[in-house]
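Sequential numbering from 11 applies to the sequence shown in our numbering.
These notes are about the structure you will find just below.
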Amino acid sequence: MKSLNARSRFIETLRGDLPLRRILLRTKIEVKKVLKNSTLGEKFKKQLKLLDEGSSDGNLDVDGTESSKASKTDAEPSRTSSNLKRSLSGKGKSSKKSKKRKVSDDNNKSEMNQAVVTPATVTSNADHHISITESEAQLALIPSSPLDKNNSQVKTDRSTSKKEKKSRKTKEKESFLNKISDDVDWLKEHHTGLESFIIENLTANLENWNQVKHVQQAPSNNPNLTIEDINRPPAVGYVRVDTNMIHLGQNVWLPKQSYDDAVYNAATNSMFVKNIAMAVFGSQYLKEHSVKGKSCNKTKSKPRPAIDLTKALAVRDIFEYYLKTNKQLIGSNLLSERDTYEDHIRAKISDLLRPPKTSKPKVPKVPPKTMESSSSSYESSVGSDDEKNTEEEMQKEDAAEESSVE
């Protein structure tokens, strides 16, 4: 079975590509020549005979099967050869045994025919074994062709390419998983920030809505309500929680911190208006503008442009809000004090335009004298005056006496 399998493999290789088939045929011819001209053929034949003899004893043949038939066929030629020798040696000994000889000759003829047949079978079997062994030898002696080398290289390249593809796929999967894990971590980190942001905005909107609800609005059944009233600004003093801006009025907004600073630094009502005007307009704007845009009669200078009317009214509205909440003024007192906002703004502009005072050199002051020195000086001065008066009186009296004597 092994030899047949080898032969079938050899035939399959012969049915392959033409260059490979030619190479195999050439190698087969060369192997046959070598077997004929060298001792290899004899060695193979001897091995085959030994195998045949071993198979006659009941051993297994090369094919792995019991060779009982081959042993019988191999034993018959040996018997015929011995009978032939005996017949040749005993020709002229006795004529009495002619019948027996005839019978024996007939038997010998039949045996010879069998012997003629059996060597052919033996030779066919030997040729079969030799052909099988030759095929195996040919397969062993076939040199490695470049096609085989190329095929082996292609196989190795394919295996390496498959490994590279697998490694690439694993690397791509790992990189993809790493990206997904990074995205998940980023989402976890920003999820808390998003929650806090949403909570802050919702609370701010809630507070804004609560403040808007307290603002006086027209009733819903009022037919005079227009769409424009829906977009009107909130009340004066409304504070947005999200931006921390306070509404001054006339849709003018100011940071709550600057309003608080103006309230804290205002000792009087005029100081509050001046601080708010500085926060709304700015110092440079106030220097370049006037309240009404008219020229001054005292200086007779060129008239400057008037300040923004809406911002000025916003200052008036927040001043009224300040008087209500911080000074608790109501009625006519509130209105009269509110209308003085223009005078306070005008005073601030004049303060900004006033030139800075020139600093005079300081004169050192004389230290004041003590009380004792002053009293002594006063007494001395008084005493000297009295003495002078007495001397004058004495002189006058002397002069009067002299005149009377004459």
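Backbone N, C-alpha and C fix where the C-beta goes; we use that ideal spot for every residue, glycine too.
Quick caveat: nothing in here was measured; it's all calculated off a predicted structure.
Counting of Cβ neighbours within 10 angstroms places Lys179 among the exposed residues, the total staying below 16.
The alpha-carbon of Val262 is positioned some 10 Å away from that of Ala322. By the C-beta density criterion, Ala277 is exposed, having fewer than 16 other C-beta atoms within 10 angstroms.
Shown here for Asp318: same chain residues with a beta carbon closer than 8 Å to its own, the five before and five after excluded, namely Phe291 in chain order. Out of Asp353, Val251 and Leu362, the CA that lies nearest to the CA of Arg326 is found in Asp353. Where Gly292 is concerned, there is no enclosing beta strand (DSSP E), because DSSP gives it neither an H nor an E. Proximity of the stretch 326–340 to the stretch 255–269 meets the contact definition, three or more beta-carbon pairs being nearer than 8 Å. Going by DSSP, Ile317 is part of no alpha helix (DSSP H) at all; its letter is neither H nor E. According to the DSSP assignment, Val251 belongs to no beta strand (DSSP E), since it is labelled neither H nor E. Rounded to whole angstroms, Ile39 and Lys183 show a C-alpha spacing of 58 Å.
DSSP lists Trp263 as the bridge partner or partners of His257. For Gly341, the uninterrupted alpha helix (DSSP H) run begins and ends at Gly341 to Arg348, by DSSP. Its chain contains Arg326, Phe329, Glu330 and Leu333 as the residues whose beta carbon lies nearer than 8 Å to that of Arg348, once the 5 sequence neighbours on both sides are disregarded; these appear in chain order. Between Asn218 and the set Val273, Lys304, Asn254 and Glu298, the nearest pair of CA atoms involves Asn254. With contacts defined by Cβ atoms closer than 8 Å, Ile355 and Val246 do not form a contacting pair. Of the candidates Thr37, His200 and Ala357, the residue whose Cα lies closest to the Cα of Asn285 is Ala357. It is roughly 57 Å from the alpha-carbon of Trp196 to the alpha-carbon of Leu339.
With a cutoff of 8 Å on beta-carbon distance, Ser293 and Leu362 are scored as near each other. For Ala357, the enclosing alpha helix (DSSP H) covers residues Tyr351 to Leu363. Apart from the 5 residues on each side of it in sequence, Asp192 has no Cβ closer than 6 Å to any other Cβ in its chain. Under the three-state reduction of DSSP, Ser191 is assigned to helix. In the three-state reduction of the DSSP assignment, Ser311 falls in the coil class, being assigned neither a helical nor a strand state.
Judged by DSSP in its simplified three-state form, Ser300 adopts strand. Around the beta carbon of Asn220, fewer than 16 other beta carbons lie within 10 angstroms, which makes this residue exposed.
By the C-beta density criterion, Arg314 is buried, having at least 16 other C-beta atoms within 10 angstroms.
By the neighbour-count criterion, in which a residue is buried when 16 or more other Cβ atoms sit within 10 angstroms of its Cβ, Ser171 is exposed.
Rounded to whole angstroms, Tyr274 and Ser268 show a C-alpha spacing of 10 Å. With fewer than 16 neighbouring CB atoms inside 10 Å of its own CB, Ile190 falls in the exposed class. Annotation for Ser280: His354 place their beta carbon closer than 6 Å to its own, counting only its chain and skipping 5 residues before and after. Nearest Cα to Ile209 within the set Arg242, Asp252 and Lys42: Asp252. Non-local C-beta neighbours of Arg250 in its own chain, meaning closer than 7 Å and more than five positions away in sequence, comprise Asn218, ordered along the chain.
Annotation: Tyr248 to Arg242 spans about 13 Å, alpha carbon to alpha carbon. Here Val301 is buried. Its C-beta has 16 or more other C-beta atoms within 10 Å.
Cβ contact annotation for Asn215 (same chain, cutoff 6 Å, sequence separation greater than five): none.
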